[in-house]
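Read left to right, the sequence shown gives residues 4 to 248 (my numbering). Notes for the one structure printed next.
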Amino acid sequence: MATSIIERPKEKFAQTQRKDLWWLEPLVYFVGLSCFLGYATWAAFQGKNYEWGPYLSPFYSPLITVKWWNLSPAFLILWVPAGFRATCYYYRKAYYRSFFMDPPACAVSEGCKKYSGETNFPLILQNIHRYFLIGATVLLCFLWSDVIKAFNFNGHFGVGMGTMVLFANTFLLSMYSLSCHSFRHLIGGYKDGFKCGFQHDSYKGVSCLNEHHMFWAWTSLFMVGFADFYVRMLAMGIWMDIRLL
Ligand code: FES
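As C-alpha cells, then:
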C-alpha cells in the first residue's frame with residue numbers, strides 16, 4: 004500500500020508529461036514524410052541518372068521506355084508504390100495526425116464535431132489498399148530481379164556496395180509488404196479457425212511481422228530513398244562504387 008501511495012504522483016507526472024508531448028509524434032511524422040516526399044518527387048522528375056553499371060534505381064524499376072511517353076519513366080510505375088503507401092493502415096494514422104491533425108493523437112479532442120472516420124467518401128476509397136498490395140507484389144518481383152542483375156559486372160560475378168544497398172532495399176520492402184495488414188488478412192485473418200497446420204504457421208509468421216509494421220514502414224521508406232540516392236550519385240560521378248568481391 005505504501006508503495007502505491009509513493010508511486011502515484013510519479014505516475015501522474017509521467018502521464019502529464021506524455022499528454023503535454025502529444026505534438027512530438029505528429030511533428031516527427033511530418034518532418035520524415037515531408038523529407039521523403041520532397042526527395043522522391045525531385046528524383047522522379049529528373050528522368051536521368053537512375054542507372055549505373057548493373058544498378059538500377061528502385062524509383063525507375065521496372066524501366067519502361069516508350070516513344071509516346073515524354074515525361075520521366077518513373078511516373079509510369081511510381082503510382083503503384085505511392086498508392087500502396089498512401090493507403091497503408093500505418094501511414095494513414097501517421098499522415099492523418101501529422102498533416103491534417105484529424106485526429107491529432109489518441110485522447111486529444113478533435114476540432115470538428117462530426118467524425119465519420121473512413122466510412123464516407125473520399126476516405127472510404129482507402130479500401131483500395133488490398134489491390135495496391137497486388138501491384139506492389141508485382142513490382143517486388145522486378146526489384147528482386149534487379150538485385151540478381153546487380154551481381155553481374157560485365158558478365159562476371161561481383162559484389163559492390165550498390166549490390167548490398169539494392170539487396171537491403173528490396174529485403175526491407177519485402178518485409179514491409181509481408182507485414183501488411185491486408186496480406187495478413189489474405190493469409191488467414193478472415194478465418195475463425197485453422198484446419199491446415201501450414202496455413203496456421205504462415206498466419207502466425209505474418210502476424211509476428213505485422214506487429215512491427217511501423218518499423219518496416221520507416222526503414223523501407225528510408226532505404227528506398229537512399230538506394231535511389233546511391234545510384235544517382237554514382238551516375239552523376241559524385242562518388243565511386245566500392246567493390247567488395
Ligand atoms: S497496412 Fe501497411 S502496407 Fe498494408
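All C-beta atoms in this analysis are idealised placements derived from N, C-alpha and C, irrespective of residue type, glycine included.
With contacts defined by Cβ atoms closer than 8 Å, Trp147 and Thr173 form a contacting pair. CA-to-CA, the gap between His184 and Pro65 works out to about 26 Å. According to the DSSP assignment, Met226 belongs to the alpha helix (DSSP H) that extends over His216 to Ala238. The bridge partners DSSP lists for Gly200 come to none. Looking at the DSSP output, Glu28 sits in no beta bridge, so it has no partner there. The C-beta separation of Leu36 from Ser101 comes to about 7 Å, placing the pair in contact by the 8 Å criterion.
The C-alpha of Val111 is placed about 33 Å away from the C-alpha of Gly228. In the structure shown, Leu59 falls within a strand segment according to DSSP collapsed to helix, strand and coil. Taken from the Cβ of Phe225, every heavy atom of the ligand FES lies 7 Å or farther away. Boundaries cannot be given for Val111, as no alpha helix (DSSP H) includes it and DSSP labels it neither H nor E. Between the alpha carbons of Ile131 and Thr90 lies a gap of roughly 7 Å. Counting along the chain, no alpha helix (DSSP H) covers Met104, and no H or E run does either.
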